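Participant: Just passing along the structure, written as structure tokens.
In my numbering, the protein residues as written are 2 to 308.
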């Protein structure tokens, strides 16, 4: 899951490179970024500058890594019983939004200090708050066990989150079946339309964020089963297909009614990737390694690749 309001920092990087010195020479941008052993990652998102954040399913911690060097540290300490799944980011506030999985909750963290800004209890079991996307006026969370979205309003002027939330039922073409349903979520640049993937059905929907009415996006018979995190750049949608170790590249038409799978990205470093993020022309996917029995010493990483 994952990702969203990120700052394109190419101008700042260009200034740094032009200034010369050690900073420019240190920009190696490694293909693999190691996470702490036993991390149990699922969601990633990029923030201000060359930084990427990864959440932990083990205890809800958030790790921050420098994309130039691959080095990082824990920003938000873990809490027993807490979960962090999909992540999103708001550049106005430098806040990280984290979906809380089977706990039915969500948290907002300050990326400067790691402090908790807000928390929400959306639902009780059965629930799985899976992913989140931040728009100009709201943060929207998916629930893989329920046909709803949860909306946290944001002040347009400064992005401060509301203390309350709204539950928006999914309707229209939306189909709710056994297993995981709504998973990855994205938004158009103006925030007037959302895109949601149904992992079990392998379908994509355009969703009206005001009403929850979902319209099936015609993929010409193609499937995005095992669809997890998604990333929208212009009219190109990247869909991570976790257990297939693939990222489907879909070209959408202007009104988001149809889409065509134009490429399938594979990478020898993929090991059940779940969510995707971008920095400049680089793409990143995190390996959740769902097929590997987890131990405190199990290794995890983030993979850099390009389209």
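Positions of the beta carbon are idealized from the N, C-alpha and C atoms, including for glycine. A quick note: this is a predicted structure, and the numbers were derived from the prediction, not measured.
Who are the near neighbours of residue 216 in its chain, counting only those whose CB is closer than 7 Å to its CB and skipping five residues on each side?
Facilitator: As a working mapping, residue 216 is identified with position 215 in the chain shown. Taken in chain order, the residues that qualify are 173, 174, 206 and 207.
Participant: Provide the residue(s) that pair with residue 58 in DSSP beta bridges, ordered along the chain.
Facilitator: Here residue 58 refers to the residue found at position 57 when the chain shown is read from its first residue. None, per the DSSP bridge assignment.
Participant: For residue 307, is the classification buried or exposed, using 16 other Cβ atoms within 10 angstroms of its Cβ as the cut-off for buried?
Facilitator: Here residue 307 refers to the residue found at position 306 of the chain shown. The residue is exposed, with fewer than 16 neighbouring Cβ atoms inside 10 Å.
Participant: Below 7 Å CB to CB, which residues in the same chain sit around residue 19 once its five sequence neighbours on both sides are set aside?
Facilitator: Taking the first residue of the chain shown as position 1, residue 19 is located at position 18. With a pLDDT of 38 at residue 19, under the threshold of 50, the modelled position of this residue cannot be trusted, and the question is left open.
Participant: What does the alpha-carbon distance come out to for the pair residue 94 and residue 30?
Facilitator: What you label residue 94 is simply residue 93 of the chain shown in a count that begins at 1. What you label residue 30 is simply residue 29 of the chain shown in a count that begins at 1. Cα to Cα, the separation comes out at about 26 Å.
Participant: Around the Cβ of residue 305, are there at least 16 other Cβ atoms within 10 angstroms (buried) or fewer (exposed)?
Facilitator: To locate residue 305, count along the chain shown from 1; it is residue 304. The residue is buried, with at least 16 neighbouring Cβ atoms inside 10 Å.
Participant: Does the Cβ-Cβ distance between residue 89 and residue 52 come in under 7 Å?
Facilitator: As a position in the chain shown, residue 89 is number 88, starting the count at 1. As a position in the chain shown, residue 52 is number 51, starting the count at 1. Contact flag unset, no.
Participant: Where in the stretch 225-283 do unbroken runs of the beta strand (DSSP E), each at least 3 residues long, occur, reported from the N-terminal end onward?
Facilitator: For the stretch 225-283, whole beta strand (DSSP E) runs of length 3 or above, ordered along the chain, are 228-234, 237-242, 247-253, 260-266 and 274-280.
Participant: Is residue 33 buried or exposed, if buried means 16 or more other CB atoms sit within 10 Å of its CB?
Facilitator: Counting from one through the chain shown, the residue named residue 33 turns up at place 32. The residue in question, residue 33, is exposed, as its Cβ has fewer than 16 Cβ neighbours within 10 Å.
Participant: So does the stretch 150-157 actually touch the stretch 128-142, counting three or more Cβ pairs closer than 8 Å?
Facilitator: These segments touch.
Participant: With residue 122 as the anchor, note down where its beta strand (DSSP E) starts and where it stops.
Facilitator: Locating residue 122 in the chain shown gives position 121, counting from the first residue. Start and end: 117-122.
Participant: By DSSP's criteria, residue 133 is part of a beta bridge. Which residues make up the other side?
Facilitator: Taking the chain shown and counting its residues from 1, the one referred to as residue 133 is at position 132. 142, per the DSSP bridge assignment.
Participant: Might you give, ordered along the chain, the residues of its own chain that have their beta carbon closer than 7 Å to the beta carbon of residue 77, omitting 5 neighbours on each side?
Facilitator: Sequence index remark: in the chain shown, residue 77 carries index 76 (1-based). Around residue 77: 62, 63, 110 and 115.
Participant: Where does residue 305 sit, in a helix, a strand or coil, going by DSSP?
Facilitator: Counting from 1 along the chain shown, the entry for residue 305 is found at position 304. DSSP places residue 305 in strand when its eight states are reduced to three.
Participant: Assign residue 42 to one of three DSSP states: helix, strand, or coil.
Facilitator: Along the chain shown, read from residue 1 onward, the residue named residue 42 stands at position 41. Of the three classes helix, strand and coil, the one that applies to residue 42 here is strand, per DSSP.
Participant: Within a Cβ cutoff of 8 Å, which residues of the same chain sit near residue 179, ignoring the five residues on either side of it in sequence?
Facilitator: Here residue 179 refers to the residue found at position 178 when the chain shown is read from its first residue. Excluding positions up to five away in sequence, the list reads 201.
Participant: Would you tell me roughly how many angstroms separate the C-alpha atoms of residue 243 and residue 163, rounded to the nearest one?
Facilitator: Mapped onto the chain shown, residue 243 falls at position 242. Mapped onto the chain shown, residue 163 falls at position 162. Their Cα atoms are separated by approximately 33 Å.
Participant: For residue 209, which option in 107, 256 and 40 has the closest C-alpha, if you only look at C-alpha atoms?
Facilitator: As a working note, residue 209 is residue 208 in the chain shown. With distances taken between Cα atoms, residue 209 lies closest to 256.
Participant: Among the residues of its own chain, which have a CB less than 7 Å from the CB of residue 252, if the five just before and after it don't count?
Facilitator: Within the chain shown, numbered from 1, the residue matching residue 252 stands at position 251. Answer for residue 252: 236, 237, 260, 261 and 263, listed in chain order.
Participant: Residue ranges of each beta strand (DSSP E) run of no fewer than 3 residues wholly in the stretch 165-198, ordered along the chain?
Facilitator: Taking only runs of at least 3 residues, the beta strand (DSSP E) segments lying wholly in the stretch 165-198 are 167-170 and 183-188.
Participant: What are the partner residues of residue 204, as DSSP defines its beta bridges?
Facilitator: Translated into the one-based positions of the chain shown, residue 204 becomes position 203. Partner(s): 199.
Participant: Shortest alpha-carbon distance to residue 280 belongs to which of 272, 35, 106 and 68?
Facilitator: Along the chain shown, read from residue 1 onward, the residue named residue 280 stands at position 279. The shortest C-alpha separation from residue 280 is found at 68.
Participant: Quick check: what's the CA-CA separation for residue 165 versus residue 274?
Facilitator: By 1-based counting over the chain shown, the position of residue 165 is 164. By 1-based counting over the chain shown, the position of residue 274 is 273. Cα to Cα, the separation comes out at about 33 Å.
Participant: In this structure, does DSSP put residue 47 in helix, strand or coil?
Facilitator: Stepping through the chain shown from its first residue, residue 47 is reached at position 46. Correct three-state label for residue 47: strand.
Participant: In whole angstroms, what is the alpha-carbon distance linking residue 75 and residue 219?
Facilitator: As a position in the chain shown, residue 75 is number 74, starting the count at 1. As a position in the chain shown, residue 219 is number 218, starting the count at 1. Near 41 Å, if we compare the C-alpha coordinates of residue 219 and residue 75.
Participant: By a C-beta neighbour count over all protein chains shown, 10 Å radius and 16 as the cutoff for buried, is residue 204 buried or exposed?
Facilitator: Residue 204 sits at position 203 when you count from the first residue of the chain shown. Answer is buried; the Cβ neighbour count reaches 16.
Participant: If the criterion is Cβ atoms closer than 7 Å, does the pair residue 287 and residue 303 meet it?
Facilitator: For this step, residue 287 is matched to residue 286 along the chain shown. For this step, residue 303 is matched to residue 302 along the chain shown. In this structure, residue 303 lies closer than 7 Å to residue 287 by Cβ.
Participant: Return yes when the Cβ of residue 182 is within less than 7 Å of the Cβ of residue 199, no when it is not.
Facilitator: One-based indexing of the chain shown puts residue 199 at position 198. One-based indexing of the chain shown puts residue 182 at position 181. Yes; because the gap between Cβ atoms is below 7 Å, this pair is in contact.
Participant: With 16 other CB atoms within 10 Å as the buried threshold, where does residue 42 fall?
Facilitator: Counting from one through the chain shown, the residue named residue 42 turns up at place 41. Buried, since its Cβ has 16 or more Cβ neighbours within 10 Å.
Participant: Pop quiz: residue 101 and residue 84 are said to be a contact at Cβ under 8 Å. What is the actual Cβ separation, rounded to whole angstroms?
Facilitator: Counting from one through the chain shown, the residue named residue 101 turns up at place 100. Counting from one through the chain shown, the residue named residue 84 turns up at place 83. About 5 Å; that satisfies the 8 Å criterion.
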